[in-house]
Structure formats: C-alpha cells, structure tokens
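Peer 1:
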Amino acid sequence: MLIKVVQGGIIMEELKKVLLAGIGLTSMTLEKADAFVKELVEKGRLTVDEGKELQSELKRRSEDEVKEFLTDLDRKTKPIQYATKEDVSRLEGKIDALLKKSNILN
Numbered sequence: 077m078l079i080k081v082v083q084g085g086i087i088m089e090e091l092k093k094v095l096l097a098g099i100g101l102t103s104m105t106l107e108k109a110d111a112f113v114k115e116l117v118e119k120g121r122l123t124v125d126e127g128k129e130l131q132s133e134l135k136r137r138s139e140d141e142v143k144e145f146l147t148d149l150d151r152k153t154k155p156i157q158y159a160t161k162e163d164v165s166r167l168e169g170k171i172d173a174l175l176k177k178s179n180i181l182n
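The numbering of the sequence shown is my numbering, which starts it at 77 and goes up by one.
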C-alpha cells in the first residue's frame with residue numbers, strides 16, 4: 077500500500093514534467109509560426125493586417141487547445157486521491173511506532 081502511495085506521488089511529478097514540456101513545445105511552435113507569418117508578410121504573400129489576423133488566430137487556437145487539454149486532464153484525474161507528503165510522513169511515523177512496539181514485544 078505504501079509503495080502505491082509513493083508511486084502515486086512520483087507519477088504526479090512525472091505528469092507535471094510532461095505538461096511543462098508540452099507547454100514549452102506549444103510556445104516554441106507559436107514562435108516558429110510567428111516567424112513564418114512575418115516571413116510571408118516580408119515576401120508580400122500576406123498583408124500586414126492578414127499577418128496580424130493569422131497570428132492572432134494561431135495564438136487563440138493554441139490557447140484553446142491547451143485549455144481543453146488541461147480541463148480534460150483535470151476531469152480525468154480529479155477522482156484520483158493522491159497521497160500528500162504529509163500523508164506519507166504520517167504513515168511513516170505510524171510504521172516506525174509499530175516497529176518499535178513490535179520490537180518491545182519480541
């Protein structure tokens with residue numbers, strides 16, 4: 077049981093790392109998209125207004141997708157009750173007390 081509790085904490089930390097990496101990737105993608113749009117404007121393939129509109133649309137869609145992903149993730153993980161560090165410390169204290177008690181009785 078204790079192993080599952082600790083692993084649950086590890087899983088949450090790994091999930092946070094994945095989320096942060098995804099957000100970083102989204103940011104990089106938007107930067108590349110902005111650079112591409114600027115290039116199209118410089119080459120005359122888009123007007124400045126069209127470029128601004130396209131950049132706004134790409135940013136909005138990206139933000140919407142991130143919000144949708146986080147909402148879905150929250151919905152799926154909400155029922156899961158992960159142990160906090162305090163929970164683990166409390167359980168460790170109880171285990172230590174039981175071990176001391178069992179040594180006295182033996």
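Don't be surprised by glycine CBs; every beta carbon is placed ideally from N, CA and C.
1) Quick one: using the 10 Å Cβ neighbour count with 16 as the cut-off for buried, is LEU124 buried or exposed?
2) Mind the definition here: the region 92 to 109 touches the region 136 to 145 only if three or more C-beta pairs lie below 8 Å; say whether that holds.
3) At the level of alpha carbons, what is the spacing between SER132 and GLU118?
4) Of all the options LYS114, ARG137, LYS176, TYR158, which has the alpha carbon lying nearest to the alpha carbon of GLY128?
5) With LYS135 and LEU106 assumed to form a contact (beta carbons below 8 Å), what rounded beta-carbon distance in angstroms separates them?
6) Restricting to Cα atoms, I'd like to know which of GLY169, LYS170, LYS152 is closest to LEU91.
7) Could you tell me which of ALA109, ARG137, ASP163, ASP148 sits nearest to LEU95, measuring between CA atoms?
8) Fully enclosed by the region 126 to 179, which beta strand (DSSP E) runs are 3 residues long or longer?
Peer 2: With the given structure in hand:
1) For the record, residue 124 in the displayed sequence is Val; it is not Leu. By the neighbour-count criterion, in which a residue is buried when 16 or more other Cβ atoms sit within 10 angstroms of its Cβ, VAL124 is exposed.
2) yes
3) Rounded to the nearest angstrom, the two C-alpha atoms are 18 Å apart.
4) The residue asked about is misnamed: residue 128 is Lys in this sequence, not Gly. It is LYS114.
5) 6 Å
6) LYS152
7) ASP148
8) Here no run is fully enclosed.
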